[in-house]
Amino acid sequence: MGSSNIRVRFAPSPTGPLHIGGVRTALYNYLFAKKNNGTFILRIEDTDQTRFVPGAEQYIIESLNWLGIPFDEGVETGGDYGPYRQSERKNMYAQYAYQLIDNGLAYYAFDTPEELDAMRERLKAANMPPKYDAASRMSMKNSLTLPEDEVKERLERGDDFVIRIKLPRNEEVRFEDIIRGWVVFNTSQLDDKVLLKGDGMPTYHLANIVDDHLMKISHVIRGEEWLPSAPLHVMLYKFFGWDMPQFAHLPLILKPDGNGKLSKRDGDRLGFPVFPIDWEDPKTGEKSSGYREAGYLSDAVVNMLAFLGWHPSDNQELFHLEELVEAFSLERVSKSGAKFDQDKAKWFNHQFILRADNQDLKTLLASRLEDKHLAKGEQYLMDVIQMMKEKVSFAQDILSAGDFFFEVPEEYDEKVRNKKWNAEAASGLQGFAAYIEESKPSSSDDFDAALNTYATENEINKGKLMQPLRWAVSGQAGGPPIFDMLALLGIEEVVNRINLVCEKFATSN
RNA sequence: GGCCCCUUCGUCUAUCGGCUAGGACGCCAGGUUUUCAUCCUGGAAAGAGGGGUUCGAUUCCCCUAGGGGCUACCA
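Under the working numbering, the first sequence is numbered contiguously, ending at residue 568.
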């Protein structure tokens, strides 16, 4: 709970998994709140009952918990301004719509969908903007055009109706956006948006203004896609006579190639997650992969997301959450959209893996551990983690790229085999195998010394032996420092593997 | 189409009128007594175009171009 009057909300609608653009909006809200000792609120905007998806709300909460950005107030958490689910606030909204009607600032509209379509077609044909506005409303079926007693009769009869805002014909609307500065609109460009729907539920526009007011929201931090409806919201505050919160419209996260908003399709197409955690659609069964399951560390995702549209005043790149809180300000959020960069995301993750506690990495890997990983004991596993974490971008790569630590390689790199594997290498390795069985090296330095001595004594170039040795033992062309590897594997295993490749890949030259 | 927003290296960005335009990812080269998906060093790489304002513009203003968002009884 914050000690200041700064109150911000993240207000997603539970229509599916939370897109990383939404995650970033939540993050910026959180950072701003914490930086200013404010309160971070989760409000679920589920006024569209037709789009409700079971589990989506839980998904949102789980995602943000994973990322370490908890709510001070909200669904599940509670608070003094609840309920925090708009569907549970349903009966609070209508009165505000009627208040506007009483003040002549809104009106009933009885038009059917077909009539609305016809109106739009007619206007389009006449080369006019197809809007329900100050001009067109006078030719529609509403309480402005219908005789008073017919309106009354329709209402009493229970006819379907909506309540629309009655916007002035030509009035300048302006507000100062924290990120963009003054933004100016004219009501002549807007239309009489529906405030209360036929099912009695408010639209986003009404609900968000009423709730933000009732919940004493001080700053509305949301995506740029809301900018066009901001003037409508400004008008609503004005009509209600309420103080307006400050607005900050965030730049969009764009697809890596080409242009446009980042979408699930882009992730599927280019092979990276667009969602924080895995999700399976309960209706279609469609699966979406998440950062968590892909092996990303939550801190890395937070850091990466923070930098998509924000930058500190110095050149520091790596931030933990608390440091982000300290450094964050809306003024340093950029105006233009940011293309998502998968390589940078990987780099961030690598940086955090590098710095991660080995025990934490082990915990992270827990669900992926098989018998073979545990067979050689706790310390062995930890040594592998220590050695491999410097090489990999994703946690699970510690296990996959380091699989040779747990069992004989399944495959042997073809290129190394073709280039480095020959009779000379084979006999050299066999000689070395015999040598270490005798000299019993145990530490990394011992193995290093052993190879040096063996090479010198037999007048072999040490370098010519190293790659075949690495390859024979791991099957790979690269990996951790070779002598560290040998020391961990142990003499017996090293000798075994040397013998194995000599059998498997008999050399003729 | 209309309205609104945006425009510095390929990408994310720094610069709050006077810089050899800085950093990071990626890329290239070299190095780490010979591995590399690590690490270090170095390198190539940018102010969309045109007008103004100013002693001086990447920075302020205008126009053009390009990109994006919105344009539902969805949020």
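All C-beta atoms, glycine included, are put in the ideal place defined by N, C-alpha and C.
Neighbourhood of residue i by C-beta, 7 angstroms cutoff - its chain only, sequence neighbours within 5 removed
i	result
F130	F99, I100, L101, T136
W125	P335, I336, R351, S357
K569	Beyond the ends of the chain as shown, which are 60 and 568, falls residue 569; an answer cannot be given.
Integer Cβ distance of residue i from residue j, believed to fall under 8 angstroms
i	j	result
Y166	R223	6 angstroms
R391	H370	6 angstroms
Y143	I103	6 angstroms
K405	S452	5 angstroms
S503	A434	No, S503 and A434 are not in contact; Cβ-Cβ is about 22 angstroms, not under 8 angstroms.
M178	S195	6 angstroms
V112	P261	Going by Cβ atoms, the distance from V112 to P261 rounds to 20 angstroms, so no, they are not a contact pair.
E231	V221	E231 to V221, Cβ: 27 angstroms. No contact.
A492	N558	7 angstroms
V269	Y152	6 angstroms
Y118	W338	6 angstroms
Status (buried if at least 16 other CB within 10 Å, exposed otherwise) for residue i
i	result
T171	exposed
W480	buried
F564	exposed
W241	exposed
G97	buried
R233	exposed
Q145	buried
L214	exposed
M197	exposed
S63	exposed
K93	buried
G133	buried
E469	exposed
E429	exposed
P206	exposed
P73	buried
N408	buried
D402	exposed
G368	buried
N517	exposed
N88	buried
L273	exposed
S122	buried
L90	buried
L6	Given a span of 60 to 568 for the chain in the structure shown, any question on residue 6 remains unanswerable.
Contacts around residue i, its chain only, beta-carbon distance under 8 angstroms, and the 5 residues preceding and following it disregarded
i	result
M525	L510, I541
L420	I412, I444, K448, A454, I457
G127	S357, D358, V361, L380
W530	Y471, D472, V475, R476, K479, W480, A536, V560
S533	F463, P468, M544
Residues near residue i in its chain [Cβ-Cβ closer than 6 angstroms; skip 5 each side]
i	result
I550	I495
K431	F465, E466
D325	K314
P539	M446
L226	T246, L249, D251
A70	R102, E104
A353	P332
K183	P189
M199	D170
Three Cβ pairs or more, each shorter than 8 angstroms: is that satisfied between the region 421 to 432 and the region 446 to 466? yes
So does the region 301 to 318 actually touch the region 276 to 290, counting three or more Cβ pairs closer than 8 angstroms? yes
Runs of beta strand (DSSP E) wholly within the region 504 to 555 (minimum 3 residues, chain order): none
At least 3 beta-carbon pairs within less than 8 angstroms: the region 250 to 259 vs the region 76 to 91: no
Let me know the alpha helix (DSSP H) ranges lying completely inside the region 74 to 100, each 4 residues or longer, listed in chain order. 79 to 94
Does the region 379 to 398 come close enough to the region 311 to 330 that 3 or more CB-CB pairs lie under 8 angstroms? Put simply, the region 311 to 330 touches the region 379 to 398. At least three CB pairs are less than 8 angstroms apart.
What residue ranges within the region 263 to 319 form continuous alpha helix (DSSP H) runs of no fewer than 4 residues, ordered along the chain? 263 to 273, 289 to 299
Taking 8 angstroms as the cut-off, does the region 189 to 198 touch the region 244 to 252 (at least 3 CB pairs, one atom from each stretch)? Counting C-beta pairs closer than 8 angstroms gives three or more between the region 244 to 252 and the region 189 to 198, which meets the contact rule.
Complete beta strand (DSSP E) runs within the region 153 to 202 (minimum length 3 residues, chain order): 165 to 168
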